[in-house]
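Comments concern the structure below.
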Amino acid sequence: MLSTKRTVMKEIQTRDYKEVKELYLHPVVRKYLGGPRDEDSMAALFEGMQTSDENSFYLVVREKATDHFIGLISLDPYHDRENIELSYQLLPRWWGEGYGSEIVKEVIDYAFNELNLKKITAETQMANVYSCRLLEKAGMKLDKTLIRFGETQCVYIIRPNERR
Numbered sequence: 001m002l003s004t005k006r007t008v009m010k011e012i013q014t015r016d017y018k019e020v021k022e023l024y025l026h027p028v029v030r031k032y033l034g035g036p037r038d039e040d041s042m043a044a045l046f047e048g049m050q051t052s053d054e055n056s057f058y059l060v061v062r063e064k065a066t067d068h069f070i071g072l073i074s075l076d077p078y079h080d081r082e083n084i085e086l087s088y089q090l091l092p093r094w095w096g097e098g099y100g101s102e103i104v105k106e107v108i109d110y111a112f113n114e115l116n117l118k119k120i121t122a123e124t125q126m127a128n129v130y131s132c133r134l135l136e137k138a139g140m141k142l143d144k145t146l147i148r149f150g151e152t153q154c155v156y157i158i159r160p161n162e163r164r
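Using full-length UniProt numbering, you'd call the opening residue of the sequence shown number 1 and step up by one each time.
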């Protein structure tokens, strides 16, 4: 379990299914993530999150004061299978309130201090300006751009000595 001033992040559990499903079916949340997932694929996707290996973890983010579901944050092997990728999705209700920055910074600190990672990667569509800004605010630096899934992606990295 991780926590910030306003959030608690816990490993994903069966009780979280309905809220995680809402997140993955939400067209606005999924706008830059390949669109809403197919409802029929959700059970397998969710099970994969619960049974991820030692190189991955998925944390449900909840507001500390109310226990309301905010979203998900994860560390997973990146596309190249050599690096670890930080990913996050929040319900729109929580956008623009600093929750994203708060949880990203906490997970970065955890990854470096507890998991002893040497580098973290994050990828977002260039068109997702708010996500790019969030990563930069967390101290991540633009490493490169590339075309993936037919869109220009920004690949950000951070190393332990580059933290703010």
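Glycine included, every Cβ here is placed at the ideal spot set by N, Cα and C.
Just so it is clear, the structure is predicted and the values come from calculations on it, not from any experiment.
The alpha helix (DSSP H) with residue i in it runs from where to where?
i      : result
Tyr32  : Taken as a continuous stretch (DSSP letters only), Tyr32 belongs to no alpha helix (DSSP H), as it is neither H nor E.
Met49  : Met42 to Gln50
Gly150 : Premise fails: Gly150 is in no alpha helix (DSSP H) and is neither H nor E.
Lys137 : Val129 to Lys137
DSSP three-state call for residue i: helix, strand or coil?
i      : result
Ser56  : coil
Gly71  : strand
Glu123 : strand
Pro92  : helix
Arg15  : helix
Pro77  : strand
Lys144 : strand
Glu82  : coil
Leu117 : coil
Val61  : strand
Val28  : coil
Sort the options by Cα distance to residue i and report the nearest one.
i      : options                         : result
Asn83  : Asp109, Val61 and Asn55         : Asn55
Met9   : Leu72, Trp94, Leu90 and Thr51   : Leu72
Ser52  : Tyr32, Val61 and Pro77          : Pro77
Ser101 : Ser87, Glu39 and Glu22          : Ser87
Pro27  : Phe69, Thr4, Phe57 and Leu90    : Leu90
Glu162 : Ala127, Ile70 and Leu117        : Leu117
Ile70  : Tyr110, Met49, Asn113 and Glu22 : Glu22
Asp80  : Trp94, Ile120 and Leu2          : Ile120
Tyr24  : Gly96, Glu114, Pro92 and Arg159 : Pro92
Lys64  : Asp143, Lys18, Met1 and Glu114  : Met1
Is residue i buried or exposed, if buried means 16 or more other CB atoms sit within 10 Å of its CB?
i           : result
Ala43       : exposed
Thr14       : exposed
Glu123      : buried
Ile131      : Looking at the sequence itself, residue 131 is Ser, so the reference to Ile does not match. Flag for Ser131 reads buried.
residue 223 : Residue 223 is absent from the structure shown; the chain starts at 1 and stops at 164.
Ile103      : buried
Arg133      : exposed
Leu59       : buried
Ile108      : buried
Val155      : buried
Asp40       : exposed
Just reading off the beta strand (DSSP E) that residue i is part of, what are its end residues?
i      : result
Lys105 : Per DSSP, Lys105 belongs to no beta strand (DSSP E); it is in the alpha helix (DSSP H), Tyr99 to Asn113.
Val8   : Thr7 to Glu11
Going by the C-beta, is residue i closer than 7 Å to any heavy atom of the ligand ADP?
i     : result
Val29 : Summarising the ligand content, the structure contains no ligands, and the ligand ADP is consequently not present.
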